[in-house]
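Here's the structure, in structure tokens; my notes come after.
In the working numbering, the protein residues as written are 53 to 158.
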């Protein structure tokens, strides 16, 4: 007689990020785009801009062109920073988390 394991194998590592409580691709893209459009939040830090631009592209989005501030006035800087702080605990990418943490801590 073959004994069955006492509990089934855990497949949590294969679950979707949203299911596991992490931020989704669309939510991250919207926030990163809003950040790039807010010079008063990001400042002129080219290294941060490069990381945000690369991450938007990696996620399949299109980063705003330099000077494309269409939505900059629509979202107050305090709201962008609050959304960013709310997103950090649900962000799975450690490198991006570190860059965004620097923006919140400024």
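Glycine residues also receive a C-beta, built at the ideal position from the N, C-alpha and C atoms.
Inter-residue CB distance, residue i and residue j (contact presumed, cutoff 8 Å)
i, j, result
"residue 156", "residue 137", "5 Å"
"residue 143", "residue 75", "6 Å"
C-alpha distance - residue i paired with residue j, whole-angstrom precision
i, j, result
"residue 132", "residue 67", "29 Å"
"residue 158", "residue 65", "34 Å"
"residue 62", "residue 70", "17 Å"
"residue 153", "residue 140", "7 Å"
"residue 91", "residue 60", "51 Å"
"residue 146", "residue 106", "15 Å"
Beta-carbon proximity list for residue i, same chain, < 7 Å, skipping 5 on both sides
i, result
"residue 135", "83"
"residue 116", "85, 88 and 89"
Residue closest to residue i, alpha-carbon to alpha-carbon, out of the options
i, options, result
"residue 109", "77, 139, 65 and 142", "77"
"residue 111", "91, 148 and 96", "148"
Segment limits, alpha helix (DSSP H) that includes residue i
i, result
"residue 103", "98-110"
"residue 85", "77-89"
"residue 67", "Unbroken run through residue 67: none, as it is neither H nor E."
"residue 95", "No alpha helix (DSSP H) contains residue 95, which DSSP labels as neither H nor E."
Same chain, Cβ closer than 8 Å to residue i, neighbours up to 5 away in sequence not counted
i, result
"residue 79", "139"
"residue 94", "87, 88, 100, 101, 104 and 155"
"residue 113", "81, 84 and 85"
"residue 151", "100, 103 and 104"
The ligand SAH heavy atom lying under 7 Å from the CB of residue i
i, result
"residue 117", "By its list of ligands, the structure shown contains no ligand whatsoever, and the ligand SAH lies outside what it can speak to."
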